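Numbering (the numbering used here), first residue to last: 3 to 514. Backbone N, C-alpha and C define an ideal beta-carbon position, used for all residues, glycine too. Given the structure is predicted, the values throughout are model-derived calculations rather than measurements. Have a look at the structure below, then the notes.
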Amino acid sequence: MSTESRLASLTSWNADWAGLRVAVLGLSTTGFSVADTLTELGAEVLVLSESADEEYAKLVPVVGARLELGSLSDVPQTLVDFDAEVVIASPGFAPSHPVIRWVQESGIALWGDVELAWRVRDKVVRADGTPADWVLITGTNGKTTTTQLTASLLVEGGLRAAPCGNIGVPVLDAVRDPSGFDVLVVELSSHQLWYLGLAEPEGELYPHSSVCLNLADDHLVWHGSARAYRDAKALVYRNTRVACVYNKGDEATRLMVEDAEVVEGARAIGFDLGIPGPSDLGVVEGLLVDRAFLDDRARSALELTTVADLETAGLSAPHIVQNILAASALARSLDVAPEAIHDALQSFRLDAHRIQVVARHAGITWVDDSKATNPHAAASSLRAYPGAVWVVGGDLKGVDIADLVATAGASARAAVIIGVERSEVVTAFERHAPTVPVFEVDAGETGEVMNRVVEIAAGIVDGEGTVLLAPAAASFDQFTSYADRGRRFAEAVQDWIDRGSADDTGRTPPAL
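What follows is the structure in structure tokens.
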């Protein structure tokens with residue numbers, strides 16, 4: 003049997019994977035899940051990575067795979083000699099990476115971890131003998147929140163559902179969970195979708211429902227162009243069987259649905275903050291309603307929750323309401339009752355570092371939205387907190403910040419600029435928002451950046467106002483992650499509160 007024929011036959015956990023030579027690129031959580039799965043299936047596995055956590059490095063030989071650590075700036079001879087039949091790359095490997103280019107030029111099959119997970123999705127099946135349905139979620143912003151929301155709504159509706167994928171839990175781990183699920187809610191990055199775009203027909207996904215929440219320039223260095231980034235995102239709708247959910251306020255997502263090759267009978271379901279038409283979800287006089295999943299959708303609507311209830315739960319920011327509508331559409335496509343959606347939203351809370359109020363003290367509200375790692379996300383935060391002192395900057399990832407500064411940034415009370423690419427941000431303010439006061443924080447030591455930010459911001463506000471950390475950039479130039487950036491911001495705020503209170507009263511108040 004030829005390699006092509008054999009790979010075409012590998013569409014089940016119970017297929018013959020024994021002896022298949024697979025090279026795995028990258029050894030993080032995703033890379034290890036791939037290696038662990040393949041060795042369990044009986045494949046011969048070589049893992050190549052420039053570095054690895056000690057725990058994973060120890061576990062790779064334990065599960066039965068080989069590990070080679072070293073530079074991947076060029077194609078290692080070990081990889082050439084291994085003569086892989088398939089290469090499975092972690093999503094960090096860009097299309098322009100020399101090893102990825104070599105794999106494609108050599109004609110070797112190139113998969114991502116999500117394709118492998120789809121091929122073996124029948125390891126654990128439901129009572130009727132079928133594997134779990136998949137719901138796919140992508141977008142420039144809001145993916146993780148919507149993934150968590152959707153899973154919560156499905157569970158409240160009585161389904162066994164698991165959030166997985168780019169959210170931090172590899173899809174393969176969910177597929178192999180012995181407890182089994184009715185639905186996998188899969189967050190997909192543009193990187194993962196690019197790899198899915200390489201799949202042969204037998205490796206293509208057929209999701210139950212799918213959504214692209216929004217589209218704005220991001221990861222342009224990785225993809226090479228805005229068009230390539232858009233095309234990767236659009237793949238989320240390919241082969242959708244039931245509902246293609248799109249953002250009515252973002253024309254790019256509508257065009258994606260119109261262009262998508264879907265299973266006959268799949269419906270386009272729109273959402274936005276306006277009054278919904280038939281087949282849409284939206285907001286009417288403070289009510290979130292569904293006019294898509296009911297018989298008389300031409301004349302009726304089903305109430306899901308109220309804006310007032312969402313405000314009580316800290317979920318009323320406009321972009322969060324849009325995430326809720328998208329998640330509700332996905333849940334309704336799986337027959338979750340409106341009452342279950344309402345009940346689930348009563349207890350749902352956002353993750354840390356996502357428009358999180360970390361302190362209110364001396365008239366100042368300090369908001370951590372470190373998760374706003376691109377201009378689109380930062381714009382949503384600025385709309386939620388107009389007139390805030392804006393903490394902005396970091397690794398811009400090749401994205402031009404000028405439009406954001408000219409629009410949402412122009413109404414900021416002041417800007418405190420961090421990061422190693424500060425000059426680009428300063429120039430954007432000089433050209434597009436010259437009346438906004440700008441303060442720079444030198445790169446310096448990571449541990450000192452946020453202390454200086456807080457000192458400057460507190461001096462600007464001096465009595466009443468909001469300080470918003472919404473960097474519109476990645477964190478890796480100065481911090482280990484967006485979470486590290488947000489944590490250091492919150493710690494610096496607390497230090498400032500403690501110092502001020504000690505000066506005023508002679509004692510330090512308890513931690514917030």
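*Taking H363 as part of the beta strand (DSSP E), name the residues at either end of that continuous run.*
The sequence position of residue 363 within the sequence shown is 361, counting from 1. Going by DSSP, H363 is part of the beta strand (DSSP E) stretching over 358-363.
*Could you work out which residue in A315, V323, E423 is closest to E442 when comparing CA atoms only?*
Counting from 1 along the sequence shown, the entry for residue 442 is found at position 440. Of the candidates A315, V323, E423, the one whose C-alpha sits nearest the C-alpha of E442 is E423.
*Going by beta carbon distance, what residues of the same chain come within less than 6 Å of S98, once the five residues before and after it are set aside?*
What you label residue 98 is simply residue 96 of the sequence shown in a count that begins at 1. Cβ-Cβ distances below 6 Å link S98 to nothing in the same chain once the five nearest sequence neighbours on each side are left out.
_Secondary structure of E493, DSSP reduced to three states_ = Position 491 of the sequence shown, counting from 1, holds the residue named residue 493. The answer is helix: DSSP assigns E493 an H, G or I state.
*Mapping DSSP to helix, strand and coil, what is E70?*
Position 68 of the sequence shown, counted from the first residue, corresponds to residue 70. In the structure shown, E70 sits in a strand (DSSP, three-state: E or B).
*Could you tell me how far apart the beta carbons of P473 and V394 are, in whole angstroms, since I believe they sit closer than 8 Å?*
Taking the first residue of the sequence shown as position 1, residue 473 is located at position 471. Taking the first residue of the sequence shown as position 1, residue 394 is located at position 392. Between V394 and P473 the Cβ distance is about 6 Å, and since that is below 8 Å, they are a contact.
*Please report the residue range of the alpha helix (DSSP H) in which R103 lies.*
For the purposes of this step, residue 103 is taken as residue 101 along the sequence shown, with counting starting at 1. 100-107 is the extent of the alpha helix (DSSP H) around R103.
*Residue closest to I139, alpha-carbon to alpha-carbon, out of E117, S191, D175, D124*: Here residue 139 corresponds to residue number 137 of the sequence shown, with the count starting at 1. Answer by Cα proximity: S191.
*With DSSP collapsed to three states, give me the class of A472.*
Taking the sequence shown and counting its residues from 1, one reaches residue 472 at position 470. Reduced to three states, the DSSP call for A472 is coil.
*According to the neighbour-count rule (16 or more other Cβ atoms, all chains shown, within 10 Å of its Cβ), is A20 buried or exposed?*
As a working mapping, residue 20 is identified with position 18 in the sequence shown. Exposed, since its Cβ has fewer than 16 Cβ neighbours within 10 Å.
_Check whether the stretch 254-271 and the stretch 220-239 are in contact - that is, three or more C-beta pairs closer than 8 Å._
yes
*Can you name the residues that DSSP bridges to D282?*
To locate residue 282, count along the sequence shown from 1; it is residue 280. Paired residue(s): G272.
_Reduced DSSP category for P165 - H, G, I as helix; E, B as strand; rest coil_ = Here residue 165 refers to the residue found at position 163 of the sequence shown. Reduced to three states, the DSSP call for P165 is strand.
*asked:* If contacts are defined as beta-carbon pairs under 8 Å, then A416 and I462 qualify, I think. What distance do you get, rounded to the angstrom?
replied: On the sequence shown, residue 416 is found 414 positions in, with the first residue counted as 1. On the sequence shown, residue 462 is found 460 positions in, with the first residue counted as 1. With a Cβ gap of about 5 Å, A416 and I462 count as contacting.
_When you compare the CB positions of A342 and F273, do they come within less than 8 Å of one another, or not?_
As a working note, residue 342 is residue 340 in the sequence shown. As a working note, residue 273 is residue 271 in the sequence shown. The Cβ-Cβ distance between A342 and F273 does not fall below 8 Å.
*Excluding the 5 residues preceding and the 5 following V309 in the sequence, name in chain order all residues of the same chain whose CB lies nearer than 8 Å to its CB.*
As a first step, residue 309 must be located in the sequence shown, where it is residue number 307. Same-chain partners within the cutoff: V285, G288, L289, L290, S318, V323.
_Only counting the same chain, and skipping five residues up and downstream in sequence, which positions put a Cβ closer than 7 Å to that of V185?_
By 1-based counting over the sequence shown, the position of residue 185 is 183. Within the same chain, and ignoring the five residues on either side of V185 in sequence, the residues whose Cβ sits closer than 7 Å to its Cβ are A134, D135, V137, L156, L161, A163, L336.
*Is the stretch 478-488 in contact with the stretch 405-415, if contact means three or more CB pairs nearer than 8 Å?*
Counting C-beta pairs closer than 8 Å gives fewer than three between the stretch 478-488 and the stretch 405-415, which falls short of the contact rule.
*Counting only runs that start and end within the stretch 376-440, where is the beta strand (DSSP E) found for 3 or more residues in a row?*
391-394, 416-419
_Of the residues W15, T152, I271, L198, the one placed nearest T132, counting alpha carbons only_ = As a working mapping, residue 132 is identified with position 130 in the sequence shown. Closest option to T132, Cα to Cα, is W15.
*Counting Cβ pairs, one atom from each stretch, are 3 or more of them under 8 Å apart for the stretch 113-124 and the stretch 205-222?*
The stretch 113-124 vs the stretch 205-222: in contact.
*Closer than 7 Å: T255 CB and nearest the ligand NAP heavy atom*: The model depicted lacks the ligand NAP and carries no ligand whatsoever.
*Could you tell me if V187 is buried or exposed, where buried requires 16 or more neighbouring beta carbons within 10 angstroms of its beta carbon?*
Within the sequence shown, the letter at position 185 stands for residue 187. Of the residues assessed, V187 falls on the buried side of the cut-off, its CB having 16 or more other CB atoms within 10 angstroms.
_Since I158 and D345 should fall inside the 8 Å C-beta cutoff, what is the C-beta to C-beta distance between them, to a whole number of angstroms?_
Numbered from its first residue, the sequence shown carries residue 158 at position 156. Numbered from its first residue, the sequence shown carries residue 345 at position 343. Note that residue 158 is Glu in the sequence shown here, rather than Ile. About 6 Å; that satisfies the 8 Å criterion.
*Residue interval of the beta strand (DSSP E) (run including L195)*: Here residue 195 refers to the residue found at position 193 of the sequence shown. Note, L195: premise wrong, no beta strand (DSSP E); alpha helix (DSSP H) at 192-198.
*Proximity winner among A380, V391, P436, G400, relative to K464 (alpha-carbon distances)*: Here residue 464 refers to the residue found at position 462 when the sequence shown is read from its first residue. Position check: residue 464 holds Asp in this sequence, whereas Lys was assumed. For the residues A380, V391, P436, G400, the minimum Cα distance to D464 belongs to V391.
_Of the residues V82, F95, V264, A86, the one placed nearest L29, counting alpha carbons only_ = Taking the first residue of the sequence shown as 1, we reach residue 29 at position 27. Residue F95 is the option with its Cα nearest to L29.
*Check the DSSP bridge columns for W224 and list the partner residues they point to.*
Against the sequence shown, residue 224 aligns to sequence position 222. Partner(s): none; W224 has no beta bridge.
*Buried or exposed (CB count within 10 angstroms, at least 16 for buried), A513*: Taking the first residue of the sequence shown as position 1, residue 513 is located at position 511. For A513, the predicted model reports a pLDDT of 31, less than 50, meaning its position is unreliable and no value from the coordinates is stated.
*Check whether A379 and N143 have beta carbons under 8 Å apart*: As a position in the sequence shown, residue 379 is number 377, starting the count at 1. As a position in the sequence shown, residue 143 is number 141, starting the count at 1. With contacts defined as CB atoms closer than 8 Å, A379 and N143 qualify as a contacting pair.
*Where does G205 fall in DSSP's three states?*
Looking up residue 205 in the sequence shown gives position 203. Residue state, collapsed to three classes: helix.
*Beta-carbon contacts of A262 that lie in its chain and below 8 Å, excluding the five residues immediately before and after*: The count along the sequence shown starts at 1 and reaches residue 262 at position 260. Taken in chain order, the residues that qualify are A236, Y239, R240, T242, C246.
*Taking just the CA atoms, how far does A10 sit from P78?*
Here residue 78 refers to the residue found at position 76 of the sequence shown. Here residue 10 refers to the residue found at position 8 of the sequence shown. Distance between the alpha carbons of P78 and A10: 28 Å.
*asked:* Starting from A17, trace the alpha helix (DSSP H) in both directions and tell me its first and last residue.
replied: Reading the sequence shown from its first residue, position 15 is the one you call residue 17. Element bounds for A17: n/a, residue is neither H nor E.
*Specify, as a first and last residue, the run of the alpha helix (DSSP H) that Y58 falls within.*
The count along the sequence shown starts at 1 and reaches residue 58 at position 56. Here the alpha helix (DSSP H) through Y58 covers 56-65.
*Exposed or buried, what is M452 when buried is set at 16 or more other beta-carbons lying within 10 Å of its beta-carbon?*
Taking the first residue of the sequence shown as 1, we reach residue 452 at position 450. So M452 ends up on the buried side.
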